[in-house]
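These notes concern the structure reproduced below.
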Amino acid sequence: MTRKGLKENEKKSGYFWELTNRLIKNAAKSQDYLFTFQTQSNFDGKIGPFPHFIYTDHTHLVNLEYPEYLEENLNVKSWQRKEKDFYKRSQGIFTMSNHVKNSLLNQYQIDPKKVKCVFAGANITQTDIIYPLGRYQRKKILFVGVDWERKGGPELIEAFKLVLKAHPEAQLDIVGCNPKIDVPNVKIWGKLPIKEVKKIYESASIFCMPSKREPFGIVYLEAMAYKLPIVALKIGALPDFVEEGKTGFLVNHREIKIMADRLIQLLDQPTLAKEMGETSYKKVKEQYTWENSVSEIKKFIDSLNIFKQTDYL
Numbered sequence: 001m002t003r004k005g006l007k008e009n010e011k012k013s014g015y016f017w018e019l020t021n022r023l024i025k026n027a028a029k030s031q032d033y034l035f036t037f038q039t040q041s042n043f044d045g046k047i048g049p050f051p052h053f054i055y056t057d058h059t060h061l062v063n064l065e066y067p068e069y070l071e072e073n074l075n076v077k078s079w080q081r082k083e084k085d086f087y088k089r090s091q092g093i094f095t096m097s098n099h100v101k102n103s104l105l106n107q108y109q110i111d112p113k114k115v116k117c118v119f120a121g122a123n124i125t126q127t128d129i130i131y132p133l134g135r136y137q138r139k140k141i142l143f144v145g146v147d148w149e150r151k152g153g154p155e156l157i158e159a160f161k162l163v164l165k166a167h168p169e170a171q172l173d174i175v176g177c178n179p180k181i182d183v184p185n186v187k188i189w190g191k192l193p194i195k196e197v198k199k200i201y202e203s204a205s206i207f208c209m210p211s212k213r214e215p216f217g218i219v220y221l222e223a224m225a226y227k228l229p230i231v232a233l234k235i236g237a238l239p240d241f242v243e244e245g246k247t248g249f250l251v252n253h254r255e256i257k258i259m260a261d262r263l264i265q266l267l268d269q270p271t272l273a274k275e276m277g278e279t280s281y282k283k284v285k286e287q288y289t290w291e292n293s294v295s296e297i298k299k300f301i302d303s304l305n306i307f308k309q310t311d312y313l
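Heads up: the sequence shown runs through residues 1 to 313, numbered per full-length UniProt numbering.
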């Protein structure tokens, strides 16, 4: 077994869960805490009697909703029981998306009063730049992702082959990975400094990453902040921010022809692509900011009246 496979088995068996718990409890020996707060939920960060809060973009069982994910790949039952018990012992669970919120309610039977979707923010500060229509006439499709297979890269290539039949001058830029591709008009950039990625975002016409398994997908928000229309799969958090026909298009897994048709539609109609890009930017600016998420978290914690507001300001 490879080292990677061994580590994966350790996680699935619960060893990683127990080890992380011990490390946290050994490191957090102070008794002066007002509450504890953790991001992600693949370990138990609750310490002693203190109120505990979680902010997460996933649950383990939500994996079952993704295409090509098999139930046999789930962690062992004992691990799943620990995860559910951990949620029940927490005072509040904040999620980045409604689909994870629904998982907690339906797959884990968590009290709805304890769960709140507060969304997330784009990891860039983008000003309201007015991009000319010419940007959307360049016919440049952008993919940004490291895990080529999971992010739907092979499916995008198949769709792009169909796009080329309608628009032979179209270009596909791939950033973040180095797949071996033998298709015309595909530019492989690999991993780049942030400044270089920014330039590629600004020159793109459409963002397409048909990821098959995506806990949230901050990269989509970043693309929207650069006023790009989105074409992606109808999975996970995507339906929260990719509004069909307004900020982009969502397709089902393996719908290669439909994906290609949506890309062709945007290439055919640069004015539509520009309108969707503007709507994308507005949605991110108004709803998907870290300031908004923090504000919602604070409101929720305040509403519990478990300590004075001044205690944690």
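A virtual CB, placed ideally from N, CA and C, is assigned to each residue, including glycine.
Practice prompt. Give the C-beta separation of K46 and T36 to the nearest angstrom, bearing in mind that I take them to be a contact with Cβ-Cβ under 8 Å.
Written response: For the purposes of this step, residue 46 is identified with residue 46 of the sequence shown, where counting begins at 1. For the purposes of this step, residue 36 is identified with residue 36 of the sequence shown, where counting begins at 1. Contact holds; Cβ gap of about 6 Å.
Item to complete: Out of W79, K82, R81 and I110, state which residue places its alpha-carbon closest to the alpha-carbon of F94.
Response: For the purposes of this step, residue 94 is identified with residue 94 of the sequence shown, where counting begins at 1. When each option's Cα is compared against that of F94, the closest is I110.
Practice prompt. May I ask you to report which of helix, strand or coil DSSP gives K187?
Written response: Walking along the sequence shown from the start, residue 187 turns up at place 187. In the structure shown, K187 sits in a strand (DSSP, three-state: E or B).
Item to complete: Give a yes or no on whether the C-beta atoms belonging to Y66 and K212 are separated by under 8 Å.
Response: Translated into positions along the sequence shown, residue 66 becomes position 66. Translated into positions along the sequence shown, residue 212 becomes position 212. Contact: yes.
Discussion item. Since T44 and W79 should fall inside the 8 Å C-beta cutoff, what is the C-beta to C-beta distance between them, to a whole number of angstroms?
Written reply: Within the sequence shown, numbered from 1, the residue matching residue 44 stands at position 44. Within the sequence shown, numbered from 1, the residue matching residue 79 stands at position 79. The residue asked about is misnamed: residue 44 is Asp in this sequence, not Thr. Not quite, the Cβ-Cβ distance comes to about 11 Å (not below 8 Å), so this is no contact.
Practice prompt. Kindly indicate which three-state DSSP category residue 371 falls into: helix, strand or coil?
Written response: This structure leaves residue 371 out entirely; the chain is present only between 1 and 313.
Practice prompt. List the residues that DSSP assigns as beta-bridge partners of D128.
Written response: Here residue 128 refers to the residue found at position 128 of the sequence shown. Answer is none; D128 lacks a bridge partner.
Worksheet item: Are there 16 or more other CB atoms within 10 angstroms of the CB of Y55, so buried, or fewer, so exposed?
Response: Position 55 of the sequence shown, counting from 1, holds the residue named residue 55. Under this definition Y55 is a buried residue.
Worksheet item: For K165, which three-state DSSP category applies?
Response: The residue labelled residue 165 in the question sits at position 165 within the sequence shown. The answer is helix: DSSP assigns K165 an H, G or I state.
Discussion item. Here's a check: name, in chain order, each residue in its chain whose Cβ is nearer than 8 Å to the Cβ of I306, leaving out the five neighbours to either side.
Written reply: Looking up residue 306 in the sequence shown gives position 306. These residues qualify, in order along the chain: F35, P51 and Q91.
Worksheet entry | Burial state of W290 (16 or more Cβ within 10 Å) | Mapped onto the sequence shown, residue 290 falls at position 290. Flag for W290 reads exposed.
Item to complete: Using three-state DSSP, classify S74 as helix, strand or coil.
Response: Your numbering for residue 74 matches position 74 in the sequence shown. Rather than Ser, the amino acid found at residue 74 in this sequence is Leu. It is coil, neither helix nor strand.
Worksheet entry | 8 Å contact criterion, which P270 and Q137 should meet: CB distance rounded | Numbered from 1 along the sequence shown, position 270 holds the residue referred to as residue 270. Numbered from 1 along the sequence shown, position 137 holds the residue referred to as residue 137. So it is a contact: roughly 5 Å between Cβ atoms.
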